[in-house]
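> Residue numbers (this note's numbering): 14 to 173.
Even glycine gets a Cβ: it sits at the ideal position worked out from N, Cα and C.
#1: Is residue 122 closer than 9 Å to residue 64 when the C-beta atoms are compared?
#2: Can you say whether residue 72 is buried or exposed, counting buried as having 16 or more other CB atoms within 10 angstroms of its CB?
#3: Quick check on residue 116: does DSSP put it in helix, strand or coil?
#4: In chain order, what residues of the same chain have a beta carbon less than 8 Å from the beta carbon of residue 60, not counting five sequence neighbours either side?
#5: Flag this pair as yes or no: are the beta carbons of residue 158 and residue 90 separated by less than 9 Å?
#6: Just checking my contact of residue 74 with residue 160 at CB under 8 Å: how many whole Å lie between their CB atoms?
#7: For residue 161, does the three-state DSSP call read helix, strand or coil?
#8: Could you spell out the range, first to last residue, of the alpha helix (DSSP H) harbouring residue 89?
#9: Compare the C-alpha of residue 101 against each of 66, 139, 81 and name the closest.
#10: Suppose you measure from the CA of residue 177 to the CA of residue 96; what does that come to, to the nearest Å?
#11: So, residue 110 versus residue 170, is the Cβ gap smaller than 9 Å?
#12: With burial defined as no fewer than 16 other Cβ atoms inside 10 Å of the residue's Cβ, what is the status of residue 86: buried or exposed?
#13: Quick one: is residue 55 buried, meaning 16 or more other Cβ sit within 10 Å of its Cβ, or exposed?
#14: From residue 163 to residue 153, what distance separates their C-alpha atoms?
#15: Do residue 57 and residue 131 come within 9 Å of each other at the CB atom, strictly closer than that value?
#16: Whole-angstrom Cβ separation of residue 147 and residue 125, contact assumed at under 8 Å?
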């Protein structure tokens, strides 16, 4: 199993997922990140592990921010993610209906620790058998990507 994980890591690094050095998106399965949090705080279980330590509350859609997020997403995320189908990573079109904005941002900004320590990150790794590459995305870029992802969801978007 360690060899397989090592091979997946090496393949992931060789492919480079999107050009740059930090993020994609988060989640896939609708299951809440409740069980198996171990040493994680309640906040980390719900909102992920990473630099975003406060709940991101969404207001009205900011189209200019979403447009910036689309540019970043197109440049750094589309090599591994599609909206309506699993590709290398999970489909992201409805991710904002499954995960909090804070969780999505922490997954983008801190994918390595998320797959090592967070139950949803571990589940995503098990399902997709590939690590999400760190694309070197800033907090501001991650927030813009979340805004763009909101425009892709047909379901009710998570507000916290």
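Short version:
#1: yes
#2: Residue 72 is exposed by the Cβ-count criterion.
#3: Here residue 116 sits in helix by DSSP.
#4: Excluding positions up to five away in sequence, the list reads 68, 113, 115, 116, 119.
#5: yes
#6: Rounded to whole angstroms, the Cβ separation of residue 74 and residue 160 is 7 Å, and the two are in contact under 8 Å.
#7: helix
#8: 76 to 89
#9: It is 139.
#10: Nothing in the structure corresponds to residue 177, since the chain is present only between 14 and 173.
#11: Residue 110 is a Cβ neighbour of residue 170, given a cutoff of 9 Å.
#12: buried
#13: Label assigned to residue 55: exposed.
#14: 16 Å
#15: yes
#16: 6 Å
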